[in-house]
Each structure stands twice: as structure tokens, then as C-alpha cells.
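*Asks:*
Numbering (our numbering), first residue to last: 10 to 288.
(1) Suppose contacts are defined by Cβ-Cβ distances below 9 Å. Is residue 19 in contact with residue 75 by that definition?
(2) Express the C-alpha separation of residue 109 and residue 51 in angstroms, rounding to a whole number.
(3) Can you tell me where the beta strand (DSSP E) with residue 186 in it begins and where it stops?
(4) Okay, do the stretch 194 to 214 and the stretch 243 to 258 touch, 3+ Cβ pairs below 8 Å being the bar?
(5) Enumerate in chain order the residues of its own chain whose CB-to-CB distance from residue 81 is below 6 Å, with the five nearest sequence positions on each side excluded.
(6) Residue 165 to residue 184, Cα distance in whole Å?
(7) Between residue 73 and chain C, is the shortest Cβ-Cβ distance under 9 Å, so that the two count as touching?
(8) Using a Cβ-Cβ cut-off of 8 Å (strictly less than) and excluding sequence neighbours within five positions of residue 151, which residues of its own chain qualify?
(9) Ignore the nearest five residues each way along the sequence and tell me which others in residue 298's own chain have a CB closer than 7 Å to its CB.
(10) Starting from residue 76, follow its DSSP beta bridges and name the residues at the other end.
(11) Considering only the alpha carbon of each residue, which of 234, 26, 268, 121 lies closest to residue 218?
(12) Can you list, in chain order, the residues of its chain with a C-beta nearer than 6 Å to that of residue 214? Leave out the 5 residues immediately preceding and following it.
(13) Could you have a look at residue 235 and say whether DSSP puts it in helix, strand or coil?
(14) Quick check: residue 275 and residue 286, are their CB atoms within less than 9 Å of each other?
(15) What residue range does the alpha helix (DSSP H) around residue 275 cover?
(16) Tell me which residues share the same chain as residue 149 and place their Cβ nearer than 6 Å to its Cβ, disregarding the 5 neighbours each side in the sequence.
(17) Please report the straight-line C-alpha distance between residue 163 and residue 54, rounded to a whole angstrom.
(18) Could you compute how far the alpha carbon of residue 104 sits from the alpha carbon of residue 93?
Take a look at the structure:
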């Protein structure tokens, strides 16, 4: 066991203990059925299109991929699923992570990611990737600030329409995250030192949140800020047209800049992406 993995394993164990949970790998049909039911309760999908099937879960677990579950008082309250990815022997792709309503606010998701990190390091992997909706402010904060991961690519309508309680049937744009497991900022984040973006005095706003609506602004600055809606999931229910406008304007603000070489280097305390373009 390497020093990096030994430390990561201890940090993960301490984080789970502080959350009052126990995390372990899953593989038996009964517990995979429980995991499937947990995810159905979180996403509330069309019954014909579950987030993942029990058969696929069984295959992933049996072939050595990551299927981890978090237990609170003996009950499964959160889970994460990952599969080996390219480059072979270097990366894991974390496909889905969810925490049930009964365990939210206990840092269960954070503990699951740290368990997954230790698992990956034990197997000689150096990176974990995953995707998330860039409109979901709390997930941007979790991914960039609490975990220290960084966006690598903007993926327009990556999954196609997903008609469930969370995605609402609209375009499924995603940011592909890259979590370099042994990076210094990742190690700091894992031990409770969040990676908040530092103030950039000369930054200009490229997309502003004006009374809940996205307002693009012309700018040629090398550092720009892109705001996020406070609650996109609520907005999808209350004002679908405004939610769709956020999707359109977020894509315009991020996709072209990232394709042109700009990098998202942080996320501010008030919910803005920081994009930097090298001169």
C-alpha cells in the first residue's frame, strides 16, 4: 500500500465516521436491488427507464468495478457507481452518485467520494472523472470547491432527453470533471480545506443573474465570471421557459470559451464560475 493510498484510506474512514455512516462495496443481488430502489426514489424516473438496472449493477460489481454503498443504522442511504475508463489503468469514470433524503446534510456524498478516491488509489489509478449539470449551483460548489475537481470539457446534451424529476426532460448539457487524486489541492480538500476561487480584481461578468434571469454581457476580458441560478430544479417546475433560457445562455457562455482554450479554474462563494484564458 502506497503512502498516498494509506493516507487516503484513513481520511475516507475518518470522514465516514464523522458522518455516522459505514461505507462498503456492494455485490449481492439483494443489496443491489436495494441500491436500485434508492436511486429510483431519488430520480423518480419513468418506470420504463430507471437510472440503472440491477442486471448492469451485478455485472459492474462482478467484474471489479466500483459499486459502493453508505449505510446509516444499517440502512442504505447513499451509493456511488464507477467503471474503469480510458486511459486504461489510469482512470475511473464515476457514472452516478446519489444520497437519499433521510441522509442529506450529513456529508454522505463527500464521504462516498473519498471512499471512491481511496479505492481508486489502491488500484493504482490517478484520476476519477464524472459529469454534472453546470446549472446546479450546489453541485458545482461540491465538485469544484469541496472536492477540488476541475472541469475538462463542456458536453452539450450529453445524455439526450432524460424525463425524470431532476432533469425535467430538457437538454442534458454536462461538464466533464477531472479529479486528479494525488493533486495538492485535492488532498487539501479531502482534509477539510475547500478550494474557493480567489478574488480576481480584473474579472468581468459574461453571464449575470439578474432577478433570477440569465443576462449575457459582452466582454473581452481574459478572466470572466459566469453566474448560476440559485435553484434550477425549482425553476424547472415553476418557470420552464426561464430554465430553458438558462440552459441556452450557460451553453453560450461556457462551451465556446472552453473549446477556444479557456479553463474553469474555480467557483466563487456567491455561485459564479471563474474562466481564465491564457494571454
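A virtual CB, placed ideally from N, CA and C, is assigned to each residue, including glycine.
*Replies:* The answer reads as follows:
(1) no
(2) 6 Å
(3) 183 to 189
(4) no
(5) 30, 112
(6) 9 Å
(7) Given the protein chain composition of this structure (a single chain), no chain C is represented.
(8) 118, 119
(9) Since the first residue of the chain shown is 10 and the last is 288, residue 298 is not available in this structure.
(10) 90
(11) 234
(12) 226, 234
(13) strand
(14) no
(15) Careful: residue 275 lies outside any alpha helix (DSSP H), inside the beta strand (DSSP E) at 272 to 276.
(16) 276
(17) 25 Å
(18) 10 Å
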